[in-house]
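Chains as they are written, first to last, in my numbering: chain S, 402 to 652; chain H, 955 to 1534; chain L, 222 to 728.
Comments concern the structure below.
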Amino acid sequence: MMENGADNPIIVCENVKKWFGDFQALRGVTTSVAEGEVVVVIGPSGSGKSTFIRCINRLEQHQEGRIVVGGTELTSDVRNIERIRSEVGMVFQQFNLFPHLTVLHNITLAQVWVRKRTRSEAEERALELLERVGIPEQAHKYPGQLSGGQQQRVAIARSLAMDPKIMLFDEPTSALDPEMIVEVLEVMRELAKTGMTIVAVTHEMGFAREVANRIVLFDEGQIIEEGPPSEFFTNPRHPRTKLFLQQILSH
Amino acid sequence: MSLDSHDLIPPEPPPKAMRISGFNWARKNLFSSVFSGTLTAILTVGLLLGILAVLRFIFSPDRRWEVIPPNAANYTVGSYPRDDLGNIWWSVWVIAALAGMSTVLWGVGGRVSVVKVVAGVRAAGVTALVVGVLSLWSPAGTAVQSWLVWGGAALIVAGWVPMRLLSEDRTVATANALAALVGLGMVVLWYLHLDRTSHWHLRLIVTALVVIAFHWLGRMAKRWLPDPTFKKVVTMLWVISFPVIYMHIQRNPSVAWEEVLPWLPWAALVMAVGPVAIGLVSRLPREQAAAVNFLLGAVTIFSWVVEWPMAIRVMTLLLTLFSMAAPTFASSPQARKVFYWSWLGGSLCALYFFLLGVASTGLDTRGDFLGGFNLTILLAVGGIALSFPVGLLLALGRTSTMPIFRILSVAYIEVIRGVPLITVLFFADKVIPRFLPPWVDVIGETKALLAITAFAAAYLAENVRGGLQSVSSGQFEAARALGMTTSQMTMLVTLPQALKAVIPAMVGQAIALFKDTSLVAIIGLADFLRVARDVVPNQPDSLGSVLENLLLAAVVYWIFAFSFSRASQRLEKRLGVGTR
Amino acid sequence: MNRPSLAPPTRPPFWRNATFLKWAAQIGVLFGVVALGYVLIGEAAANMRAQGLSLDWDLLTDPPGIQLGEGIFVKPDTGMEAFYTGAVNMLRVAMSGILAATVIGAVVGIARLSSNWLASRLATAFVETVRNIPVLVQVVFWFFLSSILFPVLQEGSSGPIPGLLLVSRKGISFAWPFPQETFWQWGVFLVVGLLTARWAYRTRMRRAEEMGEETRPLTWALLIFLAWAIVGWFAHPLAGAVGWLFGLLAAQVGAIPVLVYQVMLALAALYLAWRWIHRFLESRRSPAGLAKLTDDDYFRMILAGVLGTGGAAVLLLWPGITELGANVFQALLEFCDQKFDFLRTGAPLAIGQPSVEVPGRFAQIADTGMTMTPSFFGIWMGVTLYTSSFIAEIVRGGVLSVPKGQTEAGYALGLRRGQLLRMVILPQAFRVILPPLGNQYLNLSKNTSLGIAVAFPEMVQVGQTMFNQTGDTIQVILLWMGFYLTISLLISLLINYYNRRAQLVER
C-alpha cells in the first residue's frame, strides 16, 4: 500500500499557501503523490481543492511553501514552468476545447507547437487516442457539434496526446448530463488501469471508491483527512469527514 | 398510453396561402388606424413634393451635368500624367483578373430565378418611367427625359412579355446573367461614347473580357488545386497585388542600378545567413538561442549606428525579428520549413519594395502621381492594411497583464480616439516634417496615409479588444495547461477566435475609414472629393458647377459604402450560421 | 507520517526568472519609447531653431492679426480671444447639433419600427442614404446648396415667413427670444422652479405608489415650474440679492494669498495619493502581511505615489498654475456679481425679428434676429443629419433589444400600448441606447472640426488660420488636443454618470 505516496513521489507539496486578495484559499497544504497513484480530492465547494490542483501546474501561483513536480520545483523560472506544463495534463470542468478548430486539430495543435512533432505524427497519435476514448468518427467535426460527454473525451485525448506523466482532472463530470458522466468515467477508469498518475477533483464517490488509491478531503483550504478508500469511507477518523460523507452519501 | 402508427393523424399540407390583394395590403400597412392613415397622407404629400423638388433641381436648365464626363480622368486618377494612363489600365486589369479568379470562390456559378431577373428589369423600367414623367414638370425638358420615358416603357414591355411566356421555376446561371448585364452596360457606354479622346470604352471591354477569362481560369485552377490551397493562393495574390500596383505599375519606378549594385551582394549575404540563424536558434537550447539572438540584435543596432545602406539595416532588423520568433514558431521540422519559406518570401519582398520605394518615379510628374478616386482607394485600403498590425499590437497591449504596456496602449488609444481625424491629419502634415531632418522630403500622400493609419489603429484596437475579451478564460487555461507559451497561445488560440468575433465590427470600421479618407481634401490632397469640390468647378469650362459635382461625389461614395455594408451584412449572416 | 524531504530551494538565474523578464521587457519598451520621443523632440527643436521658430506660448497673448467669419470676437486682439471664439462657435454647433440629432434620430428610429409601411420605408431610406455618404461631402454640399440655391438677399427681403423666418444666400435668420440684462436674475427663479418641480414630481410619484391613486406628477411638476417662471418674470429683481453673495465671495477669494492655495492643493494631492494607497493596501491585506502583494500591485502603488507627489511638487514649484486658477475663479465670481442688481428691471427676454439692412452697396442681414450663416448652416446640417442617422439605428436597436417576452408580459398584465412603451420598453431600451448614444455625441462634437472645410471659425479653423500666420503648429495642435480631449472627457463623464444611474434604477 502506498500510504501517502511516500515512496517514489512524483508530486511533493510542502506547506503550500495561497491567497486571493485577503481570502486565504490554501492554508498550508502538505502532501505527496507517488508515481502511478490515483488520488481523488473531495470536499465542499470553496474548500480550495480546485485551487490546489491548479497550483500543481501553475495555473495559479502559490505564494508560500513549495511544490515539486517530477523533481522540478515550481518557481518563477521560465524553463521549469514550461517543462512542467507539458508534462502535466489537465482536464477542465468546462472542457475548454478550442471552438475554432476541428477535433483533430484541437488534439494536434499542442503536439506540433509544443511537442515539436510533425503534422503526420501528430495526426496519427490523435486518431489513435480518439480511438481509445471511443469517438474516432468525430475527428473532423467542430467541438460545437459534439455532445458534452464527447467534448470531454476529446479534451482528455488532447491532454493525453502530450504524453503527460501526470493527469489532473478538475471536476471533469460536473457539467455533464448523467448519461454522459458514465462514458467519461469509463475513459478515466481505463486510464487509471494503464498506471497513469492521476489527481482528480470529483464528486463521483463510486468512481473514487473503485479506482482511487487514496482519498483526500479538503475543507477550508487544508487537508482534513486522507487515506485509502476502504478506510476513508468505512472508518473516517475526523468528525468533519463523517459529516461530509453523511451529506454526500445521503442522496 | 401508446398509439399505433395507424392511430396517428398524418401531417396535412399547410393551407394554401391566401393571395393578399393590394387593397388588403394597403389597409393593413398604410391605414391601420386613424393615426397611421393621417401619417400616410402627410408623408405621401411630402414625398411627392420632395421628389418633385429633387427632379426640378436635377433637370433644371441651370444644371450642367455635361461637365462631368469630360472630367472622368480627373475624377478617377487626378493629375496622373495623361500619357501614362496605360499604367492605370494595367492596374485595373490586374484587379479585374483577381476579381475574375475570386468569383469562383465567391460562389458565382449559382443560379438565379428568371422571374427575379425579369422582375428586376421591370422594376428598373417603372423607376425610369416614373422619374421621366415626373421630371416633365421641371422648367425645361432635355433629351434625357424622353430617353427615360421611352426607355422605361420599353423595359416594362420587355419585362412583361417573358413573364407571360416563362414558367416560374426556370433559372439562369448567375454568371450568365452578370455577363449579360455587363454587356448591356458596354452597349450603353458605347452609345453614349462619353469621352471621345481616349478609347476608354474599348479598355472597359478588355476589362470585362479579363474578368470572364480569369473566371474560367479560376474554375480550371480549382479543379487542379485543393480548395484551401486555391483560397490561400488567391488571398496571397490579392495581398501582393496592392503594393505591386501602387509601387510598381502606377509609380513606374526607375531604379538607379549603379547605386544599388554595390550593396546587393550584402543583401544576398543577409538572406543567406537567415536560414542558418533560424535553424540554429530553433534547435539550440534556450540560453544559447538567446545568445545568438542577442548577437543578431547587436549587429542590427550596429548597422544603424554606422549607417550601413538602408536596405541592409532593414533586412538585418527583419532577420532579428524572424530569429526571435523562431524558438516559438519554428521548432518542429515542418514549422521550420514553413519558416524558411516565409523568410525567403519576406526578405525578397522587403528587398523588392525597398528597391522600388527609394527609386525615383519614371513618370513625367513631380511626385504627384496620385489623385482622384485612385488616391481615395489607396488611402482606404492602405490605411486598413497598415492599421491592422498596429491595431492588433495595441489591443494586445491594452489587454496585457503587463502594466507599462497597458498604460502606453491606453494612452495612445484614448488620445487618438478623443481628437478628430482632421487634427491628426494636420499633425502629420505639419509636425512630422519638423521631426525629420530637413533633407528628408515626405510627400503629402504618405503623410496622410500615416495619419489615417495611426487614427484607424486606435479604433481597430478597441474593436479587437472587444473580441479578445469575448474569449473565455478557460481557453487561456487550456492553452497554458498544454504547455503553450504566451505568444503561441495568442497566435494559435486567442487571436483567431477574437478576430472571428469582430469581423463585422471591423468591416463597419473599414467602411467608416473609406468615408473618412475624404478629409484629406482639407489638407490639400487631390482626392475624389477635392476633385469634385475644387478641381472641376474651377475649370473655365465648368466654372461654378460645384453642386453637380458634389452630388456625383455623394452618389459614388454612397454606392461604394452601401454595397460594402450590404456585403458585410451577408458576411455576418454567413458567419452566424458557421461553426460556432 | 513520514514526509519526503525536499532539497533546499534554488533561485533561478535572473535571465530565466519570469518576473524579471516581464519587467525587463516593459522597461525596455518604455525606454525605447522615451528615447524615440527624446530623439524626435531634439530633432524638432533643432529644425525649429534653424527656421527661427520657438516653442513658446506667445501666440496666445500676441495680436494674431486675423479675422474670423463669425463669433464673439470677429477681430480678436489676442490669440486667446481667437481660440475662445473658436471654442464657443464649436460648442454652439455641437450643442444645438446634439439636441437636433437626438430628436431627429429618435423620430426616425421609431419610424423605422412603425407598422406604417411608408413611414418605415422612408425612415430606412433616410438612414441608408445619409450614413453612407461621407459627412464631409454632406457638410460641403449643404454649404454650397445654401449659398447657390437660396434666394438672393435684397432690400425688402422678408423670407418665406415674414417677421419670423428669412432665408437667403447670406444666411438664415429667424425670430428668437434674446436674453436681456435681467435674464440672469430670472434664471435664478427658473433654477429654483426646476428644483421644486423635481421635488414635487418625486413626492407625487411616491404618493401615487403608496396610495395607489392617480396623482398626476408630471402635470404638477410642470405647473409648479410655470408658476415660478411667471412669478420670476415680474419679481426677478428680488434675485439681485444673489449678486451681493457673489461679490462677497469674490472679495474673499482675492484676499487669501496664493501660497495658501498652493499648500492646500498640494496637501490635497498628497492626501489623495496616500488615501488611494492606503485603501489599496487595505483591500489587499493578507494575514501574512505585505509580502503577498504582486509586482503589479507594487507598480500601482508606486505610480499613485509618484503621481501624488509629482502633482504636489508641480503645484508648489509653479505658483503660476494656482494663481491662474484662483484668478479665473475670482473673475468668474465677479462676472456673476455683475449680472445681478436689485435696481435692474425689465423683461428678461425680448423677441428679436429678422430684418435686412443696407450699409453700403450690398444688403446684409441685420443682427436683430438669430442668424445662421451659410457656414454654420453647412456644418450644422451636415453633422446633425449624419449623426441622426446613426442615432436612429441605435434607438431602433435599443427598442429591438428588449425581449419579446417583456411585451407579452406587459400585455398579459393589461397594459395599454402607450403604457407598455413608457413603463416597460423604454426604460429597458434606454439602458442599451445610452452608451452608444454617448459615443455618437462624441463623434458629433469631433465632426464639428469639419467646419474648416466651409470656413466656419471653430477650433480647428481658427487654429489653422493662426498657424498659417505664426508657424506655431506644434502649440496649436497641442491646444486642439487639450480642447477636444477635455470635451471628450466631459461627455463621457456625463454619459457614465447617467449610465450608472440608469443601471442602478434597474437593479
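We put the beta carbon where it would ideally sit given N, CA and C, even for glycine.
All figures in this text were calculated on a predicted structure; none of them were measured in a lab.
Short-range partners of chain H found in the region 504 to 516 of chain S, where Cβ spacing is below 7 Å: Within the region 504 to 516 of chain S, the residues whose Cβ lies closer than 7 Å to any Cβ of chain H are, in chain order, L510, A511, V513, W514, V515.
Give the single residue among L:A265, L:G290, L:P234, L:N353 whose Cα lies nearest to the Cα of D1470 (chain H). L:N353
Own chain, CB closer than 6 Å to I567 (chain S), minus 5 neighbours either side, in chain order: V489, T598
Beta-carbon gap between A1280 (chain H) and V1235 (chain H) smaller than 7 Å: In this structure, V1235 (chain H) lies closer than 7 Å to A1280 (chain H) by Cβ.
Of all the residues that make up the region 226 to 259 of chain L, which are near chain S by a beta-carbon distance shorter than 7 Å? L227, P230, P233, R237, N238, A239, T240, L242
Counting only beta-carbon atoms, is D518 (chain L) nearer than 7 Å to chain S? no
For I963 (chain H), the three-state DSSP class (helix, strand or coil): coil
Measuring CB to CB, does A489 (chain L) end up less than 7 Å from G529 (chain L)? no
For the alpha helix (DSSP H) that M1356 (chain H) lies in, which residues bound it at each end? Taken as a continuous stretch (DSSP letters only), M1356 (chain H) belongs to no alpha helix (DSSP H), as it is neither H nor E.
Is the CB of K733 (chain L) under 7 Å away from at least one CB in chain H? Any answer about residue 733 (chain L) is impossible in this case: the structure gives chain L only from 222 up to 728.
Length of the line joining the Cα atoms of L1088 (chain H) and I1110 (chain H): 17 Å
Do the CB positions of T605 (chain L) and A340 (chain L) come within less than 7 Å of each other? no
Look at the Cβ atom of E351 (chain S), then the Cβ atom of R615 (chain S), and state whether they are nearer than 7 Å. The shown model of chain S, from 402 to 652, leaves out residue 351 (chain S), and the question about it has no answer.
Counting Cβ pairs, one atom from each stretch, are 3 or more of them under 8 Å apart for the region 669 to 686 of chain L and the region 1358 to 1369 of chain H? no
Whole angstroms is fine: what's the gap from M311 (chain L)'s alpha carbon to A1515 (chain H)'s? 28 Å
Per-residue burial, R500 (chain L) [other beta carbons within 10 Å of its own, 16 or more giving buried]: R500 (chain L) should be labelled exposed.
Helix, strand or coil: how does DSSP classify W539 (chain L) here? Residue state, collapsed to three classes: coil.
Taking Cβ-Cβ distances shorter than 7 Å, what residues in chain H pair up with M491 (chain S)? Residues of chain H with a Cβ closer than 7 Å to the Cβ of M491 (chain S) are, in chain order, A1435.
Chain L residues whose Cβ lies nearer than 7 Å to that of S1540 (chain H): No information on residue 1540 (chain H) is available, as it lies outside the stretch 955 to 1534 that chain H covers here.
Can you give me the C-alpha to C-alpha distance between V314 (chain L) and G290 (chain L), rounded to a whole angstrom? Roughly 14 Å between the two C-alpha positions.
Excluding five sequence neighbours on each side, which residues of the same chain lie with their C-beta closer than 7 Å to the C-beta of E461 (chain S)? So the list reads K419, T452, R455, once near-sequence residues are dropped.
Coil, strand or helix - F421 (chain S) by DSSP: strand
My output table needs one value for R615 (chain S): the three-state DSSP class, helix, strand or coil. strand
So is E572 (chain S) buried or exposed if we call it buried at 16+ other beta carbons inside 10 Å? That one is buried.
Mind pulling the chain S residues with CB within less than 7 Å of V1548 (chain H)? No answer is possible for residue 1548 (chain H): the residues shown for chain H start at 955 and end at 1534.
Using a threshold of 7 Å, state whether the C-beta atoms of Q406 (chain L) and A460 (chain L) are closer than that. yes
Of all the options S:V417, S:H501, S:F634, S:P410, which has the alpha carbon lying nearest to the alpha carbon of T1448 (chain H)? S:H501
Going by DSSP, what residue range makes up the beta strand (DSSP E) through D571 (chain S)? 567 to 571
Starting from P398 (chain L), follow the beta strand (DSSP E) in both directions and report where the run begins and ends. 397 to 400
Give me the subset of the region 362 to 373 of chain L whose CB atoms are less than 9 Å from a CB atom of chain H, sorted by chain position. Of all residues in the region 362 to 373 of chain L, F362, F365, L366, I369, L370 have a Cβ within less than 9 Å of some Cβ in chain H.
Quick one: what's R1065 (chain H) bridged to in DSSP? H:A1127
Alpha carbon to alpha carbon, how far is A512 (chain L) from I498 (chain L)? Residue placement at A512 (chain L) cannot be trusted, given a pLDDT of 49 that sits under 50; the coordinates are not used to answer.
Residues near H457 (chain L) by beta carbon distance below 7 Å, same chain, minus five either side: So the list reads T403, Q406, W407, F410, P569, once near-sequence residues are dropped.
If contact means a Cβ-Cβ distance below 8 Å, which residues of the region 712 to 726 of chain L contact chain S? Listed in sequence order: no entries.
Please name the residue, chosen from H:A1243, H:E1399, H:A1244, H:L1271, that lies closest to F1256 (chain H) on a Cα-to-Cα basis. H:L1271
Any 3 or more C-beta pairs closer than 8 Å across the region 473 to 482 of chain S and the region 531 to 538 of chain S: As far as the Cβ criterion goes, the region 473 to 482 of chain S does not touch the region 531 to 538 of chain S, which means the pair count is below three.
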